[in-house]
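In UniProt numbering, the protein residues as written are 1 to 231. Where a beta carbon is used, it is the ideal one built from N, C-alpha and C, also for glycine. If you're wondering where the values come from, they're calculated on a predicted model, not measured in any experiment.
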Amino acid sequence: MSCVAIIPARGGSKRIPRKNLKPFDGVPMIVRSICTALDSQLFDQVVVSTDDEDIAEVARVHGAQVPFMRPASLADDFTGTAAVMVHALNELAAFDYACCIYATAPLLQARFLRQGFELLEQNPDKSFAFSVAGFGFPVQRALTLDEHGALTSLYPEFRNTRSQDLAEAFQDAGQFYWGRSEAWLRGDVLFSPASLPVILPRHLVQDIDTLEDWKRAEYLYAALKAGGELQ
């Protein structure tokens, strides 16, 4: 089976300027994802989809391919991952499987990429397999603020339900999304029963949207590196 990794990495970033090229443990952030994809030995090609020449150059230097430049119409604040994947697959030769790997996933490990591929390959009726992590506390007991700034239950019907009696909930871990190429191109819904979970330990997950997120990711990365848990 042929597999391609596609790493979306646009040049613009409002909250963390030049996020994909910002140094993380000594190398541009995107290099972490490129190296993990290459080290997994799962992919016939590791491709970076970008609109930015500087990102393209860094990608090429570190072993990824940039066979096309992403058009500006697919590099704004509103373009979703699915549209970027469809564009990339239409630009490339045909592959059986395509894995979207986020450029800002420094805690990504090749073993979970392999697990996702095996899970999808073994379940021909499914379209996707992607990384998720459990919430640290039942989401049904979440609190919110009312119009007066006072606390109130987001789900009042579960206010008095014991935590152990509530269904476990998961969040998108924001690391990778395996999919059959035909499913990406067909527009199958990612967050649906068409997908299977690759469940990650919570301490290996950190979305990076803000500078606070970035700092927390650095702390986690340093601790995992010191403890020999980065594989």
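The Cβ-Cβ distance between Ala103 and Ser33 falls below 8 Å. For the options Leu89, Glu157, Pro71, the alpha carbon positioned closest to that of Ser2 is the one of Leu89.
Put simply, the backbone Cα of Ala150 is about 27 Å away from that of Asp209. In this structure, the CA atom of Asp77 is about 16 Å from the CA atom of Met85. In terms of CA proximity to Leu113, Phe130 leads the group Asp125, Pro124, Phe130. Taking all protein chains in view, the Cβ of Asn160 is surrounded by fewer than 16 other Cβ atoms within 10 Å, so the residue is classified as exposed.
In the three-state scheme derived from DSSP, where H, G and I count as helix and E and B as strand, Thr161 is classed as coil. By alpha-carbon distance to Leu166, the top candidate from Gln109, Gln140, Gly80 is Gln140.
Under the three-pair Cβ rule at 8 Å, the segment 194-204 does not count as touching the segment 7-27. According to the DSSP secondary-structure assignment, Ala133 is paired through a beta bridge with Gln171. Taking each of Gly11, Phe158, Ala222, Ser73 in turn and checking the Cα distance to Ala59, the smallest one comes out for Gly11. Taking 8 Å as the cut-off, the Cβ atoms of Trp178 and Phe128 count as close. Pro156 and Glu147 have their C-alpha atoms roughly 16 Å apart. Non-local C-beta neighbours of Val132 in its own chain, meaning closer than 8 Å and more than five positions away in sequence, comprise Phe170, Gln171, Asp172, Ala173, Pro197, Val198, Ile199, Leu200, ordered along the chain.
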